[in-house]
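2 protein chains.
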Amino acid sequence: MLNKNQKPVILAEQVQSSLANLEPLSRKVFLSLKPPSPQDNRADVDQVRHTLERSYGLVSVPLALMPRIPGICRSANWQITATLGDTGQGWTLIDIEPGDTTQEHFGLAIDIGTTTVVVYLINLCDGTVLRHAADYNDQIVMGEDILTRIRHAAELDGLARLQKAVVDTLNRLIKRLYPLTSKTSKITAAAIGANTTMIHLLLDLDPASICRAPYTPVVNRPGIIPAREIGLEIHPSAPVYCLPSIGSYLGGDVIGGILVSGMHQQSDISLFVDIGTNGEIVLGNEEWLVACAGAAGPALEGGVTTYGMRAEPGAVDHVSIDPKTGWVDYSTVGNLPARGICGSGLVDTLAELFLNGFINRSARFQNGQQEFVVVPAHKTASGEDIVISQVDINNFMATKGAVNAATDLLMENVGCAWQEISHFYAAGAFGQYLPIESAVTIGLYPDLPRSAIVRLGNSSGEAARQVLLSRTKRLEAEGIAGKVTYFELNANSAFMDKFSGSKFLPHTDLDRYPSVKRRLQTRA
Amino acid sequence: MLNKNQKPVILAEQVQSSLANLEPLSRKVFLSLKPPSPQDNRADVDQVRHTLERSYGLVSVPLALMPRIPGICRSANWQITATLGDTGQGWTLIDIEPGDTTQEHFGLAIDIGTTTVVVYLINLCDGTVLRHAADYNDQIVMGEDILTRIRHAAELDGLARLQKAVVDTLNRLIKRLYPLTSKTSKITAAAIGANTTMIHLLLDLDPASICRAPYTPVVNRPGIIPAREIGLEIHPSAPVYCLPSIGSYLGGDVIGGILVSGMHQQSDISLFVDIGTNGEIVLGNEEWLVACAGAAGPALEGGVTTYGMRAEPGAVDHVSIDPKTGWVDYSTVGNLPARGICGSGLVDTLAELFLNGFINRSARFQNGQQEFVVVPAHKTASGEDIVISQVDINNFMATKGAVNAATDLLMENVGCAWQEISHFYAAGAFGQYLPIESAVTIGLYPDLPRSAIVRLGNSSGEAARQVLLSRTKRLEAEGIAGKVTYFELNANSAFMDKFSGSKFLPHTDLDRYPSVKRRLQTRA
């Protein structure tokens, strides 16, 4: 389980900035109707619909709701609250309640990662995040990465098992948010950011073609789907919107990241990088967007090192080494005895090892050393040393090298120089807790002016919140999906050349990291 | 069971005249798609949707259909047929089939009467009626008239029983049409004309408020409902459109009648009368429409006389009496031995009895006669005389008197004189088989130039066919529903006065029936 206290920075900030006009996926409307009389004996359902249509255009009323309307209108003295859901073509009535319940209006912003699932409970009256809950994706037992899951889906009942696993994960998280709403049926809308495979598994769609040429998913734009058809335990008719994908390897999570960064509306060129279980890199501006993607492995989610763990209580999350004494100073999440090292701790450790000469530019320990003790046995929860080994470092360098190689290749291909990059947007875990200086030091982040480095946090979740709250943002997301050009890395033999030459700290070309070069010179 | 050979005249005629542009409630579209390639690796669902959206605007694809799309596209070599259903807000994909099946495109036009249900199988490619089937409404065992049914609906499970009865009737009739289509799922749209109570019972909506002041139905405009929600055994996602009602006593059948007559688009004033189990009268033109309604009883469906029966084999359907010999000449449906008298036979008999002086202007037998033998015992199927009694005549006169009284009252109220009536439209059984001269003779039809008397036949069924085939007609029907003013007969004490004075042949005021007056003088 993730630390429940961790609040992604970006979610709160954006409320004020980008969404002045709330136009959420579901609406609550208080109606003060008139009792029928000989002068106005319109049918009850028609009176409700006519009243709504004055503000909302064509509104459909499903047959299932019609029988309830006369009773609720009469028992509530014709003071009722209607909930409308966006159908993508207009509005449909999804609920009717006695009295004025417009202040009880909730939605979910959902980020389904291959490894981690996060659900944010959103107050649809003002767009704020009321609470969030996160957990590992239950699908993990059926495979840690996307390819294994796709293979599992081909087994007997495999797809159904995977679908159930992610829906169970979501419903478990929804129940945790439950106490804030009187009923989960008060949650009347949801938006989802996820990669293409996760969306297929959620929707019970065969993902086989995603990893088979010519890599055509079943669907990239599922549109709006009623919650009951997915099995989400919120209002059964709640509209659920999935951020559109671009293709097999560029999902709604990436479209969401671009949306949140705003790079698609800037005249200057930006670079967007999201490294989770998969890595995605997007380059572009308001005129063009080029992207590439590939498997990355859970490098920053605690998965590549022996003592790696998530940013849970007891995780070493900050490390510094005294250049003179070599003493290690560290902190842990919750100030508990150390249990392992999370992504930010790992990045700090590697940067400090490098700056202090424990490892060289090839990321190899010097002087025959095989490992480095970050926390000695007598201070750990288990009573064992917590160490970083050469193998741990090599695993990390493979991920980092792949990201550097892909970025360089994409930029070369587009003919874009580093000097032209106005902003670097880091998304996902990769853009949430990593210490900026250390990330630059080991070359995970580029050596740009620090104000140009923007950590977006969980941009997939934040994008889900934005499209949940704003029709304008939904259209913007669809627009981005129609604009991105996919650059195929696997078909590119130059990638392996780049990759082989990329396993240096901070980068093959040290001159591209002037601030790191200066610090190395200073320390030396 | 009705005579299956009877083909309503109007349905065939209208095909050529009024529906030049077919725009049916469901559409079939043949798509010749391209197999995905590295150059175009759009998702399969998206390619289908994009292709449809070029001609149909926003098209939604339900989740339930998505899994079938990749398989069908590939097995059919990307040559597929999509079926779209009108949602009232746009189009939704309701089916996808391999190859070109655009010529197998069927819909239903349905007329649900309190007594009789008719289902027409329509070829949606050209709008023609392929076949029709009719039967009594199974609800009859739970009450013959609307008020009894509404009372039955209030009993435990009464509403559910009534709903099941009408749906069973419809599904039985649909199965009779079945052999013409390879599967009932090939029927992908339906439109229904019915009175307000019939629509409530079909949709499982409580009809209690229909007969309780202020007489507000649950719904007048149910809009478009998927077949599965009603239980109709056609394609489960087929859009089902119900003609809108105006209120408790003016249903979609009457709106349909007005639509078919075209009186709402004429500058001259017309009179529309439909007499089935209920009677409805509409007066007006393109600028205004005023209507009244009331229970009529099955006067013309065989229900008011001892030997009354429907126009089934063996029914006496035409009668004449030789003025000199007094001999009766008659014919029966199917030329079978006589079993009873249907509506047209009754109207003929009464007219002949009147013209030949067997009954006087008060519709009373003369010279102490108590009954008239229409068919003597040795010529009937049962071996009993088939007779018309004074009681039979009195029952009929009550219905006729009520219609005359209501018509006169409505016209007086509007301030409209008979000279101003350009057309008389007779709908339902009342406007299908009745012999015009006899109907004028006994005052059922007004004594207008015969070219001004238009028998619309089953205008409710024909209206259903028109709105099934034409969005323009649907909008026209909605427009009519918004324009009709309801004139309340029951609240009007003048009605009883009129009614008491109306039981004359052909009418209290003989001068209003100059052609009848002439014939009486001739015979005398």
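Those protein sequences? They're chains A and B, same order as listed. If you use this note's numbering, the first sequence corresponds to residues 2 to 525, in order. If you use this note's numbering, the second sequence corresponds to residues 2 to 525, in order. Idealized CB from N, CA, C, for every residue including glycine. These numbers come from a predicted model, not from an experiment.
Here G444(A) has K401, N405, L506, P507, H508 and Y514 as same chain residues with Cβ atoms under 7 Å from its own Cβ, once five neighbours each way along the sequence are excluded. Comparing C-alpha distances from E24(A) to each of V261(A), G248(A), L125(A) and N396(A) shows the shortest one belongs to L125(A). DSSP places K187(A) in the helix class (H, G or I) of the three-state scheme. Contact between Q90(A) and G91(B) holds: their C-beta atoms lie close to 4 Å from each other, under 8 Å.
Beyond the five residues adjoining it in sequence on each side, V517(B) comes within less than 7 Å, by CB distance, of V441, T442, D448 and P507 in the same chain, given in chain order. Scanning the stretch 44 to 125 of chain B from its first residue to its last, the whole alpha helix (DSSP H) runs of 4-plus residues come out as 45 to 57 and 69 to 76. Among the bridge pairs identified by DSSP, T486(A) is matched with V291(A). Listed as beta-bridge partners of V455(A) by DSSP are Y426(A). Here Q433(A) has G458 as same chain residues with Cβ atoms under 6 Å from its own Cβ, once five neighbours each way along the sequence are excluded. In this structure, the straight-line span from the alpha carbon of D112(A) to that of A83(B) is close to 33 Å.
Using a Cβ-Cβ cut-off of 9 Å, S61(A) is close to T88, G89, Q90, G224 and I225 of chain B, given in chain order.
In this structure, V320(A) places its C-beta atom within 7 Å of the C-beta atom of T350(A).
Beyond the five residues adjoining it in sequence on each side, D101(B) comes within less than 8 Å, by CB distance, of F31, Q80 and T82 in the same chain, given in chain order. A straight line joining the alpha-carbon of S76(B) with that of D146(B) spans about 54 Å. C74(A) and P68(A) have their C-alpha atoms spaced approximately 11 Å apart. Within chain A, the residues placing a beta-carbon under 8 Å from that of S38(B) are P215, ordered along the chain. A distance below 6 Å between beta-carbons, with the five flanking residues on each side excluded, links E105(A) to the following residues of its chain, in chain order: K187. Chain-order list of chain B residues neighbouring G248(A): N42, by C-beta distance under 7 Å. Nearest CB-CB separation between P240(A) and chain B: not below the 7 Å threshold.
Per the C-alpha coordinates, the member of Q266(B), V241(B) and R340(B) positioned closest to A465(B) is V241(B). For D393(A), the three-state secondary structure derived from DSSP is helix. Comparing alpha carbon positions, the residue from I360(A), A209(A) and Y308(A) closest to R340(A) is Y308(A).
Bounds of the alpha helix (DSSP H) holding D254(A) are G253 to S262. In this model, A239(B) and N172(B) are separated by some 14 Å (Cα to Cα).
C-alpha of S38(B) to C-alpha of A482(A): approximately 19 Å in a straight line. For S33(A), the pairing in a beta bridge is given by DSSP as Q80(A).
Under the Cβ distance rule, E287(B) does not count among the residues neighbouring chain A, no pair being separated by less than 7 Å.
DSSP places L26(A) in the coil class of the three-state scheme, outside both helix and strand. Residue environment: G384(B) is assigned as exposed (fewer than 16 neighbouring CB atoms within 10 Å of its CB, all protein chains considered).
By the 16-neighbour rule on beta-carbons within 10 angstroms, K325(B) is exposed.
Contact note: P218(A) reaches chain B through A44, using a C-beta cutoff of 7 Å and chain order.
The beta carbon of F355(B) lies closer than 7 Å to those of T442, I443 and L506 in the same chain, with the five residues before and after it left out.
Around I70(A), the beta-carbon contacts reaching into chain B at under 9 Å are V219 and V220. Taking a 10 Å sphere around the C-beta of D330(B), we find fewer than 16 other C-beta atoms and assign the residue as exposed.
Excluding residues up to 5 positions away in sequence, A406, A407, L410 and L490 lie with their Cβ nearer than 8 Å to the Cβ of F496(A) in the same chain. As summarised for the stretch 187 to 251 of chain A, the continuous beta strand (DSSP E) elements at least 3 residues long and confined to that stretch are 188 to 195, 225 to 227 and 240 to 243, given in chain order.
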